[in-house]
Amino acid sequence: MKIKTLALAMTMSITATAQTPKLSKDNIEKVLQAMTLEEKASLLVGGEYDFWSTTAMAGNSSHTVPGAAGSTIAIPRLGIPETILTDGPAGVRINPTRPETNKTFYATGFPVGSCIAATWNTELAFKVGKAIGSEVKAYNCDVILGPGMNIHRNPLCGRNFEYYSEDPLLTGKIASGYVKGVQNEGAGVSIKHFAVNSQETNRIFVDEIVSPRAAREIYLRGFEIAVRESHPWTVMSSYNRINGVFAQANHDLLTKVLRDDWGFKGIVMTDWCGKREQAGLYTINEVKAGNDLLEPGSKEQVTDIVEGVKQGKLSMEDVDKCVRRMLEYIVLTPHFNGYKADNNPNLKANAIVSREVADEGMVLLKNNGVLPLGGKTKKPTRVSLYGTGSYNFLSGGVGSGCVHTPYIIDLVQGLKNVGIETTSDLTEIYKKYIDYAKLKFEADRSGFRWFEAPLMGDQKMPEIDITHELLKKQLKQSDMAIITISRQAGEGIDRKIDGEFNLTPQEMKMIQDVSTAYHGENKPVIVVINSGSVIETTSWSAYPDAILLAWQPGEEGGNSVADILTGKICPSGRLTMTWPLAATDHPSTKNFPQDIDLFTYENLGSGGAPIPTRSFTKHEEGIWIGYRFFDTFHRQVAYPFGYGLSYTTFEYHGMTVKRNGNKLVVSVNVKNTGSVAGKEVAQVYVAAPKGRLEKPAKELKVFAKTRVLKPGESQTLQMVLEVRDLASYDETNHQWLADAGTYTFFVGSNIEDIKGKSTINLPQYTEKTSAALAMKK
């Protein structure tokens, strides 16, 4: 009898196994039908149930890949593997060491987003993405949580370094290159933070009050371009509210706009916030809105989904939509497709890519003929390096966007690599001070703050006083001075005007004193700006002979600075944001948080009276962001959008604009008329005919970068855009509208330096959209 019972049990087990489908690309519906409600709920919730422990917040979240940001749940009986999600936009962020082995797990540190975008080179963005994608797979991950695509609404935003530009077209095009590169390697991306994540102050709860037109034209347009052109696997919904509704529970945003209007087919995952029921954000509403994956995940969220269905508060149809999309995502991943990670990425090859991007992204802001070194004047043999950033060079920002790199090349090493020595006594003074300052920083750090976490990025050190005696000694030893002005910024905190956007009194005195002393001996002074964000320059830019914006340029940064200074590389980086005379010149500044203790939230999201720019932020400036404001209203700036100097000169000839169906082809010939080989960025701006909607004087509509042109060499650039790219958003009629009339196309090296123009007459164009994202009345 026992033998018969055992045989029957085995037969039933074999039959059940045979009837249980294993996930494949061709049987997603069968697997969906075979899943229990609990399994479906689990697949919609991230697997990091212990994420909110202190250790996890320091970056050690995923159990499979220590330091990865999150994961999805495996369901072995259905052949559904776990997938791993890792930060961040500038490279793979995982723990560099593990207790069970002496092996290291460093990743390549690429330049920050503002530097990548400053290349104006979509092919180079593709190369960055491809290199990052290879490291995602090598380290047993599936998705990189990037690129960051939010708009530089205001120069004080703490995460501008991660984002590309104040312009949505440039943002979308650079992001598309990055996304295509990552996904070309068989890994995925999560474009973020969708949407209107314009500040870090109280980012979890703040209500961004924005018009449908500004939302569509400025804050969503870059995402739309990336979705339509590069088809990202995932989109990350942001923390903030938009017009009173949390982005993570915003059906208008995540379904009507993203899926219905744009045709997005991938999954939406939440940013890492957990449950926020006390603020009115409920799990079932996130699922209804179109979030397919709730990260980092909690058991309570699984229960919420199961109980929501059982109680009739959440439909099985909504759950199945999300589960179906999750299964479609999973079959794309390296884990599903059997990729065998070896934990040995090609760091040497990828470092070359990192350096190439830094070389091409650095922007020369000023040059009184002293650069390149060894050009018109004798190449220096020894320089004095001033500023803590020369020795503690910041390769990236802090927070989830930082990377644990195998090394960082500072200016001392970078200059040494091109045969330029630094004065040993000044170098020794600074290095000893920095060692002390880092120890003091750790000793003074109390409690956990995201931007102070030791594994979340390097810190800017306060400056030391430069005495007249020290200057006298350095003048005798060196041929020139290089001053580095560094700025650090990051997640969870916005920047202040005093001491962060503006120079500190110590920094100002250092620039003045060093410049005066060296110029008194006819020796040049160069300032290197080591910042991923805009700083004030007007008050001090007259002092140095040259200013190089190096951004936060990744692990090879010091080498790239040396490449530019010595002329190995002709600078071709161009600004992707306006540099104003003062932070208050931006119309958004009056509605941007300033001077707040960002970690004191007693009155934020806890029932207290709403506080402007903390509880809610009014985007009263509408579409007048960056150059759209400064150019249209003729406001003086320090450096205009698209600006950047070169060691050579270019001429533009023969600009034409022709229509081919719904496409417009812009053609222009660019010639190198100087004596140095270099690249040029042709920027095409368009002025629309006057119509019912108020419009900027001109807007960037297409761009292209030449190859390296030798002196006397020319290249004809052909740039293609669609007629719909000329449209503005008509929120009254819920449509994109390009008026009939004459459109003037300008080509220039920046928005103020126009080299040529051409006109074309076009009929009216309209394109209906959903009636989404209305403002509260």
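Here the sequence shown stands for residues -18 to -1, 1 to 759, numbered as in mature numbering (1 follows the signal peptide of the UniProt record, and there is no 0). The beta carbon of each residue, even a glycine, is placed where N, CA and C say it ideally should be.
Across the structure, Met308 and Lys422 are spaced so that their CA atoms are roughly 47 angstroms apart. The stretch 380 to 387 and the stretch 63 to 78 touch, with no fewer than 3 CB-CB distances between them shorter than 8 angstroms.
Its chain contains Leu263, Asn267, Glu268 and Ala271 as the residues whose beta carbon lies nearer than 7 angstroms to that of Ala231, once the 5 sequence neighbours on both sides are disregarded; these appear in chain order. Assignment of Ala425 by DSSP, reduced to helix, strand and coil, places it in the helix class. The alpha-carbon of Asp480 is positioned some 33 angstroms away from that of Arg195. Between the alpha carbons of Thr466 and Asn222 lies a gap of roughly 36 angstroms. About 7 angstroms separates the beta carbon of Leu719 from that of Leu675, a gap short enough to meet the 8 angstroms contact definition.
Beta-carbon to beta-carbon, Lys174 and Gly130 are separated by about 6 angstroms, close enough to satisfy the 8 angstroms threshold.
A direct Cα-Cα distance of roughly 15 angstroms separates Asn651 from Lys640.
Rounded to the nearest whole angstrom, the CA to CA distance from Ile126 to Ala113 is 12 angstroms. A straight line joining the alpha-carbon of Gln459 with that of Lys360 spans about 16 angstroms. Residue nearest to Thr520 within the set Ser377, Pro622, Tyr321 and Phe574 is Pro622 (criterion: CA-CA distance). Comparing C-alpha distances from Thr90 to each of Met218, Glu105, Leu329 and Arg258 shows the shortest one belongs to Leu329. Per DSSP, reduced to three states, the secondary structure at Lys677 is coil, with no helix or strand assignment. If you look at Glu190, you'll find it in the beta strand (DSSP E) that goes Asp189 to Ile191. A direct Cα-to-Cα measurement between Ser570 and Leu152 gives close to 20 angstroms. When rounded, the separation of the alpha-carbon atoms in Ser740 and Asn654 is 22 angstroms. Around Gly723, the same chain offers Pro671 as residues with beta carbons nearer than 6 angstroms, after the five sequence neighbours per side are excluded. Three or more beta-carbon pairs separated by less than 8 angstroms link the stretch 680 to 688 to the stretch 696 to 703, which places the two stretches in contact. Non-local C-beta neighbours of Asp253 in its own chain, meaning closer than 8 angstroms and more than five positions away in sequence, comprise Lys174, His175, Met218, Ser219, Ser220, Tyr221, Gln230 and Glu277, ordered along the chain. In this chain, the beta strand (DSSP E) harbouring Phe727 covers Gly723 to Gly730. DSSP places Gly290 in the uninterrupted alpha helix (DSSP H) bounded by Lys281 to Lys292. Scanning Arg185, Gln165 and Pro93 for the CA closest to the CA of Tyr145 turns up Pro93. In this structure, Leu25 lies away from Thr65, with their beta-carbon atoms at least 8 angstroms apart. According to the DSSP assignment, Asn541 belongs to the alpha helix (DSSP H) that extends over Gly539 to Thr548. Leu14 places its beta carbon less than 8 angstroms from that of Asp302. Under the DSSP definition of a beta bridge, Asp712 partners with Gln717. Apart from the 5 residues on each side of it in sequence, Gly357 sits with its Cβ closer than 7 angstroms to the Cβ of Gly549 in its chain, given in chain order. At a Cβ-Cβ threshold of 8 angstroms, Glu424 and Thr486 do not count as neighbours. Between the alpha carbons of Asp440 and Gln395 lies a distance of about 18 angstroms. The beta carbon of Ser515 sits closer than 6 angstroms to the beta carbons of Asn142, Phe143 and Ala471 from its chain, once the five residues preceding and following it are set aside; these are given in chain order.
With fewer than 16 other CB atoms across the displayed protein chains lying within 10 angstroms of its CB, Leu19 is exposed. Taking the Cα of Leu138 as reference, the smallest distance to any Cα among Phe108, Glu473, Leu453 and Glu410 is reached at Glu473. Rounded to whole angstroms, the Cβ separation of Gln534 and Leu376 is 5 angstroms, and the two are in contact under 8 angstroms.
Using a Cβ-Cβ distance cut-off of 8 angstroms, the stretch 388 to 404 and the stretch 366 to 375 are in contact, since at least three pairs of beta carbons, one from each stretch, lie closer than that value. In terms of Cα proximity to Ile249, the closest of Lys257, Thr79, Leu275 and Arg258 is Leu275.
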